[in-house]
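K.L.:
Below is the structure I would like to discuss, written out as structure tokens.
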Amino acid sequence: MSLVTEEIKASASELYHGDEICQEKSKFLLQEVGLPRGLLPLKDIEECGYVKETGFVWLKQKKSITHKFEKIGRVVTYATEVTAVVEKNKIKKLTGVKTKELLIWITLSDIYVDDPPSGKITFKTPAGLSRTFPVSAFEIEGEVLKEAAKEKKEEKKVNGALQVKEV
């Protein structure tokens, strides 16, 4: 049974259909709330929506997928429907996401980053167990490289503007 009712869809501030626009909007939303853009590597998203008043967000994909975050060696499965409540630096009431710990699939319920930023992201289960990893493990690889190059270029501009030669 779907958690996203017609009533919720009707109250949605934003509702999109199609993989391309949903990929873009989901990554944008993650960035807006201060979370890494690669946190939800979903494929073939059919629908995504956001209720701004409550922070409720949902993503529906054609089939469930399993993804391995190579930098930390963790396998995560995403159901056909992923729902959550988002707020600044945090995802709460997460459904449809599980991670493999030893031989057991464990449901994740909360994801948050520290404020002020410490470079760490924490994942919590409904039982209260949690695990912390570097935020960089959940960034999109190509975007990290582009961002680093952009920062370096801006740093050069600043450094160049600060250089004063005495005559």
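Counted the way our numbering counts, the sequence shown spans residues -9 to 157.
Idealized CB from N, CA, C, for every residue including glycine.
(1) Is the distance from the Cβ of residue 85 to the Cβ of residue 70 below 7 Å?
(2) For residue 34, list the residues DSSP reports as bridge partners.
(3) DSSP three-state call for residue 125: helix, strand or coil?
(4) Specify, as a first and last residue, the run of the alpha helix (DSSP H) that residue 0 falls within.
(5) What do you reckon, are the CB atoms on residue 110 and residue 24 nearer than 7 Å?
(6) At 4 residues or longer, and completely inside the region 10 to 59: list those alpha helix (DSSP H) runs for me, N to C.
(7) Assign residue 95 to one of two classes, buried (16 or more other C-beta atoms within 10 Å of its C-beta) or exposed (fewer than that).
(8) Please determine if the region 32 to 41 and the region -2 to 18 are in contact, where contact requires at least 3 C-beta pairs separated by less than 8 Å.
(9) In chain order, what residues of the same chain lie with their CB nearer than 6 Å to the CB of residue 90, ignoring the 5 residues before and after it?
(10) Ordered along the chain, which non-local residues of its own chain (more than five positions away) have a Cβ less than 7 Å from that of residue 118?
(11) Using CA coordinates, which residue listed in 36, 48 and 125 is at the minimum distance from residue 3?
(12) Looking at residue 61: is its Cβ nearer than 7 Å to the Cβ of residue 127?
(13) Out of 9, 100 and 105, state which residue places its alpha-carbon closest to the alpha-carbon of residue 120.
(14) Can you give, in chain order, each stretch of the alpha helix (DSSP H) that sits fully within the region 75 to 122 and has at least 4 residues?
(15) Smallest Cα separation from residue 129: which of 53, 9, 42 and 18?
(16) May I ask which residues mark the beginning and end of the beta strand (DSSP E) holding residue -7?
(17) In terms of DSSP beta bridges, what is residue 4 paired with?
P.N.:
In this structure, then:
(1) No, these two residues do not count as a Cβ contact at 7 Å.
(2) For residue 34, which the question treats as bridged, DSSP gives no partner whatsoever.
(3) It is helical.
(4) Boundaries of the alpha helix (DSSP H) around residue 0: -4 to 0.
(5) Result no, Cβ atoms of residue 110 and residue 24 do not sit closer than 7 Å.
(6) Listed in chain order, nothing qualifies, since the region 10 to 59 has no complete alpha helix (DSSP H) run of 4 or more residues.
(7) Burial call: exposed.
(8) In short, these stretches touch, since the Cβ pair count reaches three.
(9) Residues of the same chain with a CB within less than 6 Å of the CB of residue 90, apart from the 5 flanking positions on each side, are 65 in chain order.
(10) Here the set comprises nothing.
(11) Taking only the C-alpha atoms, the option nearest residue 3 is 48.
(12) Yes; because the gap between Cβ atoms is below 7 Å, this pair is in contact.
(13) Nearest to residue 120 by C-alpha distance, out of 9, 100 and 105, is 100.
(14) With a minimum length of 4 residues, no continuous alpha helix (DSSP H) run stays inside the region 75 to 122.
(15) It is 18.
(16) Secondary structure note for residue -7: it is in no beta strand (DSSP E), with a DSSP letter that is neither H nor E.
(17) For residue 4, the pairing in a beta bridge is given by DSSP as 40.
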